[in-house]
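Anchor point for the sequence shown: position 13 equals 272 in the numbering used here, and the numbering is continuous, going up by one each time.
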Amino acid sequence: MHRALDNQRLTEKDRINTLNLIAKEYSYSDSIQTTTYANQAITRAGKIHYYKGMVDAYYQIGWTTMSYGYRSVAPRATLDFETKAVHTIEVGVLDQTLSGTSSITIKWWMKTRTQTRLFWTSILMPWKTSMIKPL
């Protein structure tokens, strides 16, 4: 996948999607590389207003923060990244509505909200509850 980034024929969206795929692959073994590639994707996606690419990258960073045991910052960091993702999608919905392609963006907004809700209820809430010690 790294070599794919050198391909001059890649569109910027394809390059961002590739960065997110690399970040996802590293999420199983190297949190620093995950964050590095996801941040590159966020920067590039922001320049071309590619909201889906930004949201995917924020998700990778939030997931990595939580899964690598940064337990003291995971809930807050995940909430921060969720907030950024939701804001990014809302801006994208407005932008795409003005350009006439809002149905695709609204579909992504719904998908992200559903994934965030599932992530929160199935992983973060049980984890937070397990941290509460009985008296």
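Glycine is no exception: its CB is placed at the ideal position from the N, C-alpha and C atoms.
All values reported here derive from a predicted model rather than from experimental measurement.
Three-way DSSP call (helix, strand, coil) for Thr293 in this model: Three-state DSSP puts Thr293 in a helix.
Local Cβ density within 10 Å of Ser288, reported as buried at 16 or more and exposed below that: Exposed, since its Cβ has fewer than 16 Cβ neighbours within 10 Å.
Candidates Lys311, Ser326, Thr324, of which the one nearest Asn279 by Cα: Asn279 has its Cα closest to that of Lys311, out of Lys311, Ser326, Thr324.
Identity of the residue in Thr270, Glu271, Thr277, Lys272 nearest Arg262 by Cα: Answer by Cα proximity: Thr277.
Neighbour-count burial assignment, Thr302, 16 or more Cβ in a 10 Å radius: Under this definition Thr302 is an exposed residue.
Where Thr270 falls, given that 16 or more other Cβ within 10 Å makes a residue buried: So Thr270 ends up on the exposed side.
Host alpha helix (DSSP H) of Leu280 (start-end): Unbroken alpha helix (DSSP H) run through Leu280: 271 to 285.
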